[in-house]
Amino acid sequence: MPITPFSRRGFLKGTAALASATALPQIATAAAHSPMTVGFIYVGPKDDFGYNQAHAEGAAAVKAMDGVVVVEEENVAETTDVQNSMESMINFDSAKLLFPTSFGYFNPHVLEVAPRHPDVRFQHAAGLWTDGMPTNVGSYFGYIGMGQYLNGITAGHATTTKKIGFVAAKPIPQVLLNINSFLLGARQVDPEITCQVIFTGEWSLAVKEAEATNALADAGCDVITCHVDGPKVVMETAAGRDCFVCGYHADQSPLAPEKYLTGAEWNWAGVYTGMVQTMLDGGTIGNFVRGGLADGFIKMSPLGPAVSDASRAQFESVKAEIMAGGFAAIKGPLNDNSGAALLSAGEALVENDIALESMDYLVEGVIGSTS
Amino acid sequence: MENDLGLWVIPLAILGGAIRVSTPFLFVSLGEVLTERSGRINLGLEGTLVFGAMSGYAIAYLTGSPWLGVLAAALGGAFFGLTHGLICSLPRVNDIAVGIAIMILGMGLAFYFGKPYVQPVAPDLPSINFGWWSDVPQVKAALRVNVLFLIGAALAFGMWWMFRATKVGLIVRVVGDSTDAARAMGLRPALIRTLATAAGGAFAGVGGAYLSLFYPGSWNEGISSGQGLMAVALVIFARWNPIACFGAALLFGGAGALGPTLQSVGISEGYYLFFAAPYVLTLGVLIATSSPSRAMTGAPGELSITK
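Just so you know, the protein sequences line up as chains A and B, in that order. For the first sequence, position 102 matches number 836 in my numbering, and the numbering has no gaps at all. For the second sequence, position 230 matches number 239 in my numbering, and the numbering has no gaps at all.
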């Protein structure tokens, strides 16, 4: 249970109101050629070795652009807090483009604020924009499941117990796709490998993540990856238990240089500067933007010293297949982990298949439950 | 598969979890016992814990010595305790309100000063392997005991003995039970309470250093998931008895390990429910030990919540 007993946004509003009261004369004169203000909102600290850091690296690239002012706010809860943060960025900082980056910001918060500000653009990571939603809202994301599939290949080569582990936050479609992809990648190496998943229930709970990692190591898993906001604790704990690790969100190799195999990273810098440039040029960003390895939305960490030659060769060849496009990690014949058939032979869900974004199952070989 | 312990993993993980997770609860609750026994409540220990985690990590990183980090965390904690104690010594100041202010101040300062230390990796505190006799890696891992845990356990018994058998213990208890009696004895209640609060703050700071320097062993803004607040509640649960605090901290640590472990042995349905286990346990024990005929046993008489 994260505790946020004080309102950062209340303080912001107060100081912003003060600042604008004293700066009124300037506002009138500066209106003609003022730079565009872009706001970034993060659910955690922006240097967490993880999800927020990946977005903040994108924000840093935007900051370096001409004609743009960047405002940022960290540690904003997925509650009405984020609505207030967005409102104050719009009302006090005159933000024209907002990146509320956490999954839980989208529905209902972005969808509630957006209709009140038709001239402001809301770009939300991981959300699923559908027809009928406000047109000034866009959702974008990357096919990072492919990165976890590649992680799985290195994990499959590295494991000796044939058991790999996954520390997961919440059973939402993106997380489930990552878990399934990680196992299916490993099963390309050896179809007997199983993947134990432990859900912590929250995006950021350091002690519980450490406990989950220890429980995985106790259960015999010898390669561990995760999908939590800040993978630092999982990486350090797993390496401390002599397990190999695969990274997620950002490059965590400095945390466990000997044990780090590779990692699935976001590459937001290119994506965000592109979106901001589109706005500066007066264009419109698509409401539904997705991209994968080939589009530069995601990238892989350099392979670590523990990766064998055979592992490297298979990693590179599968990566080349993914870069060529049309690759499917989820393909038939495939059952879920209760034995029910999901796909029959010949059926495949290619990386950009929209059905993947409503995934609600764990595939055969994953030990765990979605509820 | 070798080393497959089956369901034996569960008690083992609960034991391991009890040892790994309990230390912050233990230190904070011991600090709070000392403070409350002197007749004052310090709700600010959550903030002190977070500040201790930050300052311990920062100093350990800057000096390369985790023990200097622990010392810095203790000094930082003592400073917050002293501040709380001094403010509360003023007439007509409510210690609960001040405590909440101290909690928020501690967290705010920790976040502010801690920003540059989220990324670096600080050295960890050493641990002792009590599992050397076993070939089973799970047993070895569960019995990797940190030195601070042992210090905390010794402190619990030491404090129990202090309250029971020493002059210092008697003075703290008198001040906590009756300001008038303490004055009649020629003691200075405000001074003693302030010192007790400062010492309590130092304990909470050390608890924070354990979080950032051993388990989970890194500093970030979400490092404490409310352990400081829970520990304050543990004191009431433990009826202001240091040894009972030790037991309660172990219970909480062990119960916290239950959720992840049950998932790892395949009992994965309803994990949110298992995560609530420590809290259900608290309610259960409080109900079981409640008494319709007596007021809270062991509660210091001068405590603002029991007066």
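From the three backbone atoms N, C-alpha and C, an ideal C-beta is built for every residue, glycine too. These figures come from a predicted structure and were not determined experimentally.
Exposed is the label assigned to Thr1018/A, since fewer than 16 other Cβ atoms lie within 10 Å of its Cβ. Two segments are said to touch when three or more pairs of C-beta atoms, one from each, lie closer than 8 angstroms; by this definition the stretch 1095 to 1104 of chain A touches the stretch 1062 to 1079 of chain A. Identification of chain A residues near Thr270/B by a Cβ-Cβ cut-off of 7 angstroms yields Ala949, ordered along the chain. In this structure, Met820/A places its C-beta atom within 9 angstroms of the C-beta atom of Pro834/A. Within the same chain, Ser938, Asp963, Gly964 and Lys966 come within 8 angstroms of Asp782/A by CB-CB distance, once the 5 residues on both sides are set aside. Look at Pro842/A here: in three-state DSSP terms it is helix. Ala82/B and Ala1028/A have their alpha carbons spaced roughly 48 angstroms apart. Ala150/B and Ala62/B have their C-alpha atoms roughly 24 angstroms apart.
In this structure, the beta-carbon distance from Ala795/A to Gly1004/A falls below 9 angstroms. Counted as a single uninterrupted DSSP element, the stretch harbouring Cys97/B is not any beta strand (DSSP E) but the alpha helix (DSSP H) occupying residues Pro75 to Ser98.
Looking at the DSSP output, Ala829/A bridges to Thr771/A. Between Val274/B and Leu16/B, the C-beta spacing is below 9 angstroms. Cβ neighbours of Glu812/A within its own chain (closer than 7 angstroms, five residues either side excluded): Val777, Ser836, Gly838 and Tyr839. Uninterrupted alpha helix (DSSP H) stretches at least 4 residues long and entirely within the stretch 207 to 276 of chain B occur at 236 to 246 and 251 to 273, given in chain order. For Asn155/B, DSSP records a beta bridge to Ser136/B. Residue state for Ala297/B is assigned as helix, using DSSP reduced to three classes.
One Cα belongs to Ser1078/A, the other to Ile1064/A, and the distance between them is close to 11 angstroms.
Close to chain B, meaning a Cβ-Cβ distance shorter than 9 angstroms, are the following residues of the stretch 970 to 981 of chain A: Glu970, Thr971, Gly974, Arg975 and Asp976. Between Ile50/B and Ser313/B the beta-carbon gap is near 6 angstroms, inside 8 angstroms, which marks them as a contact. When only Cα atoms are considered, His789/A and Gly210/B end up about 37 angstroms apart. A direct Cα-to-Cα measurement between Ala258/B and Pro301/B gives close to 26 angstroms.
Distances from the CA of Arg921/A to each of Asn1001/A, Ile1101/A, Tyr883/A and Val810/A were compared; the closest alpha carbon is that of Tyr883/A. Here the alpha carbon of Ala27/B sits roughly 23 angstroms from the alpha carbon of Gly899/A.
Contact annotation for Ser227/B against chain A: Ala940, Lys966, Val967 and Glu970 [CB-CB distance below 8 angstroms, chain order].
Annotation: Ala308/B to Met194/B spans about 21 angstroms, alpha carbon to alpha carbon. Listed along chain B are Val127, Asn229 and Glu230, each with a C-beta nearer than 7 angstroms to that of Pro779/A. When 8 angstroms is used as the limit between beta carbons, Ala150/B is near these residues of chain A: Asn948, Ala951, Asp952 and Arg975, in chain order. Under the Cβ criterion of 9 angstroms, Ala1003/A is not counted among the residues facing chain B. According to DSSP, residue pairing for Gln930/A in a beta bridge involves Gly899/A and Ile1101/A. Taking C-beta atoms as the reference points, Phe120/B and Asn809/A count as a pair closer than 9 angstroms. With respect to Asp1087/A, Leu21/B sits apart: the two C-beta atoms are not nearer than 9 angstroms.
In the assembly as shown, Ser987/A is a buried residue. Its beta-carbon has 16 or more other beta-carbons within 10 Å. Straight-line spacing of the CA atoms in Gln857/A and Val871/A works out to 6 angstroms.
Distance from the Cα of Val1041/A is smallest, within the candidate group Ala892/A, Thr947/A and Phe1031/A, for Ala892/A.
Taking 9 angstroms as the cut-off, the Cβ atoms of Gly167/B and Leu54/B do not count as close. Under DSSP, Ser873/A takes part in a beta bridge, and its partners are His858/A and Phe1022/A.
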